[in-house]
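Q: Before I ask anything, let me first share the structure, which is written out below as structure tokens.
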Amino acid sequence: DEATAKRKDAHLDLCATGDVEPAQNTTLLECVRLVHCAMPEMAVEEVDLSTEFLGKKLRHPLLITGMTGGTERAGVVNRDMALLAERHGLAFGVGSQRAMAENPQAGESFQVRQVAPTVPLLGNIGLYQAVGLGVDGVRRLADAIGADGMALHLNAGQELTQPEGDRDFRGGYKVVEGLVRAFGSRLLVKETGCGIGPEVARRLVELGVRNLDVSGLGGTSWVRVEQLRATGVQAQVGAEFSSWGIPTGAAIATVRRAVGPDARLVASGGLRTGLDVAKVLALGADVAGMALPLFRAQQQGGLAGAEQALATILASLRQALVLTGSRNCAELRQRPRIIVGELKDWLAAL
Ligand code: FNR
């Protein structure tokens, strides 16, 4: 409905120019050092970053994570991001399809298959909206856009900061169980910037979830976005919780340790450089996810701006592999790394 569309555009405006990454936010990736190899004995062009995701091949281990849909402006963002993913062999996810469930006419802005026929594509819906839609409703959303998989997003922190948000978080695992039966290995469960920790991850994997995006603290804060729109008590409590969450570095390392080698793990939340990407791959991610940096580049410079931002990230990622003497992501994960400071404390505690 109109309120949802208004909220969506307000969110895009805030994310385009607002202070949605509080200064205290940190991924803790600054506590990770990869070790230099003075004699790499390889050519840059030998670096093979390819991997597999949702049954399809990726040329680069990157996912442009779900952001938007439901308005005309959102449709442009989705198509530009999907085209970028198609050109460079990345995965792409649309934003929450709630708007589409409420108003089928909003569906147009989620359609990207024309520009991205081969991209591993994720639909997106919130855990508590999925309750209302039922398993069949969620399946229809995925089918309507030709998705390869469905992202189920968790956002308790955001909901509590939204005046119209959810206040009752019971029954979540039950919902996930039903979706696992319907989607199998095509289901991905993600946070939205506060992080999935090892306990929740283990329970989800025990229920049969095969893909997780930890989406940790360090980048876009949805508590912060809502706080900037809120008034009164919620604005103040939201300000307090703007930097709440499990830092992305801590989330990915502890979740990998908790769930073992088989689950497919995406790390997102505050990744801003190719070196950040290399660090999460070293800590156990199969794929690195980004939202805000590519969105902002697109808002400022259109598709060409997003192309340039991505080119920088990919060049830096390649350089990180060469300078650690790694031909591919599996070799990178085997290399030694130093973990210092607060990240070390998180790894000891979780
Ligand atoms: C998001 N994110 C998001 N996640 C989700 O599951 N459904 C959604 O609709 C949205 N919407 C959205 C809009 C915009 C403009 C941004 C920047 C982000 C969250 C996103 O997928 C990711 O989990 C976090 O943003 C963390 O990554 P970054 O932004 O720090 O790279």
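For the sequence shown, the working numbering assigns the number 373 to the last residue and increments by one with no breaks. Backbone N, C-alpha and C fix where the C-beta goes; we use that ideal spot for every residue, glycine too. Since we're looking at a predicted model, the values are computed, not measured.
1. Is the separation between the beta-carbon of GLY374 and that of VAL117 shorter than 8 Å?
2. In this structure, what does DSSP give as the bridge partners for LEU86?
3. May I ask which residues mark the beginning and end of the alpha helix (DSSP H) holding HIS176?
4. State the beta-bridge partners of GLU75 as determined by DSSP.
5. Alpha carbon to alpha carbon, how far is GLN152 from ARG121?
6. Taking the straight line between their C-alpha atoms, what separation do you get for ASP191 and ARG247?
7. Identify which residue in VAL282, ALA372 and ASN126 has its Cα closest to the Cα of ILE269.
8. Could you tell me whether the stretch 195-209 touches the stretch 249-266, using the rule of 3 or more Cβ pairs below 8 Å?
9. Let's test the definition: count the other Cβ atoms within 10 Å of the Cβ of GLY325 and tell me whether it reaches 16, buried, or not, exposed.
10. For the stretch 236-245 and the stretch 41-56, state whether three or more C-beta atom pairs, one from each stretch, are separated by less than 8 Å.
11. Alpha helix (DSSP H) containing VAL203: first to last residue?
12. Any chance the CB of SER339 is under 7 Å from a heavy atom of ligand 1?
13. Say the cut is 7 Å; is the CB of LEU294 nearer than that to a heavy atom of ligand 1?
14. At 4 residues or longer, what runs of the alpha helix (DSSP H) sit wholly inside the stretch 138-175?
15. Within 7 Å: the Cβ of ALA314 and any heavy atom of ligand 1?
16. Which two residues bound the contiguous beta strand (DSSP E) that contains VAL223?
17. Ligand 1 and LEU215: does the residue's C-beta get closer than 7 Å to at least one heavy atom of that ligand?
18. Report buried or exposed for GLU249, applying the criterion of at least 16 other Cβ atoms within 10 angstroms of its Cβ.
19. Any heavy atom of ligand 1 closer than 7 Å to the CB of CYS38?
20. When the Cα atoms are used, what is the spatial distance from GLN185 to GLY216?
21. In chain order, what residues of the same chain have a beta carbon less than 8 Å from the beta carbon of GLY188, not counting five sequence neighbours either side?
22. For chain B, is any of its Cβ atoms less than 8 Å away from the one on PRO143?
23. Would you call the stretch 128-141 and the stretch 104-113 in contact, with 3 or more CB pairs under 8 Å?
24. In the stretch 253-295, which residue ranges form an unbroken beta strand (DSSP E) of at least 3 residues, counting only runs that do not cross its ends?
25. Can you check DSSP and say which residues form a bridge with ASP236?
26. Say yes only if the C-beta of ASN126 is nearer than 7 Å to one or more non-hydrogen atoms of ligand 1, and no if none qualify.
27. Does the distance from the C-beta atom of ASN126 to that of ASP24 stay below 8 Å?
A: Inspection of the coordinates gives the following:
1. Nothing about residue 374 can be read from this structure; the chain reaches only from 24 to 373.
2. Within the sequence shown, residue 86 is the residue found at index 63, counting from 1. ALA114 and GLY312.
3. Stepping through the sequence shown from its first residue, residue 176 is reached at position 153. Careful: HIS176 lies outside any alpha helix (DSSP H), inside the beta strand (DSSP E) at 172-176.
4. Looking up residue 75 in the sequence shown gives position 52. According to DSSP, GLU75 bridges with LYS80.
5. Indexing the sequence shown from 1 puts residue 152 at position 129. Indexing the sequence shown from 1 puts residue 121 at position 98. Cα to Cα, GLN152 sits roughly 7 Å from ARG121.
6. Mapped onto the sequence shown, residue 191 falls at position 168. Mapped onto the sequence shown, residue 247 falls at position 224. Spanning the two alpha carbons is a distance of roughly 21 Å.
7. Locating residue 269 in the sequence shown gives position 246, where the first residue counts as 1. It is ALA372 whose Cα lies nearest to the Cα of ILE269.
8. no
9. Here residue 325 refers to the residue found at position 302 of the sequence shown. GLY325 comes out exposed.
10. yes
11. Position 180 of the sequence shown, counted from the start, is the residue given in the question as residue 203. Segment 195-206, the alpha helix (DSSP H) holding VAL203.
12. Along the sequence shown, read from residue 1 onward, the residue named residue 339 stands at position 316. No - ligand 1 has no heavy atom lying nearer than 7 Å to the Cβ of SER339.
13. Taking the sequence shown and counting its residues from 1, one reaches residue 294 at position 271. Yes, the Cβ of LEU294 comes within 7 Å of a heavy atom of ligand 1.
14. 150-167
15. Residue 314 sits at position 291 when you count from the first residue of the sequence shown. Yes, since a heavy atom of ligand 1 falls inside the 7 Å radius drawn around the Cβ of ALA314.
16. Locating residue 223 in the sequence shown gives position 200, where the first residue counts as 1. That residue, VAL223, is in no beta strand (DSSP E); its alpha helix (DSSP H) goes 221-229.
17. The residue you call residue 215 lines up with position 192 of the sequence shown. According to the sequence as given, residue 215 is Thr; it is not Leu. Yes, the Cβ of THR215 comes within 7 Å of a heavy atom of ligand 1.
18. Position 226 of the sequence shown, counted from the first residue, corresponds to residue 249. The residue is buried, with at least 16 neighbouring Cβ atoms inside 10 Å.
19. Locating residue 38 in the sequence shown gives position 15, where the first residue counts as 1. The answer is yes for CYS38.
20. Here residue 185 is taken as the residue at index 162 of the sequence shown, counted from 1. Here residue 216 is taken as the residue at index 193 of the sequence shown, counted from 1. The straight-line gap from Cα to Cα measures roughly 16 Å.
21. Sequence index remark: in the sequence shown, residue 188 carries index 165 (1-based). Correct list, in chain order: GLN181, GLU182 and GLU249.
22. You won't find chain B in this structure, because it holds only one protein chain.
23. yes
24. 287-291
25. Against the sequence shown, residue 236 aligns to sequence position 213. Per DSSP, LYS213 and VAL289.
26. For the purposes of this step, residue 126 is identified with residue 103 of the sequence shown, where counting begins at 1. No, the beta carbon of ASN126 sits no closer than 7 Å to any heavy atom of ligand 1.
27. As a first step, residue 126 must be located in the sequence shown, where it is residue number 103. As a first step, residue 24 must be located in the sequence shown, where it is residue number 1. In this structure, ASP24 lies closer than 8 Å to ASN126 by Cβ.
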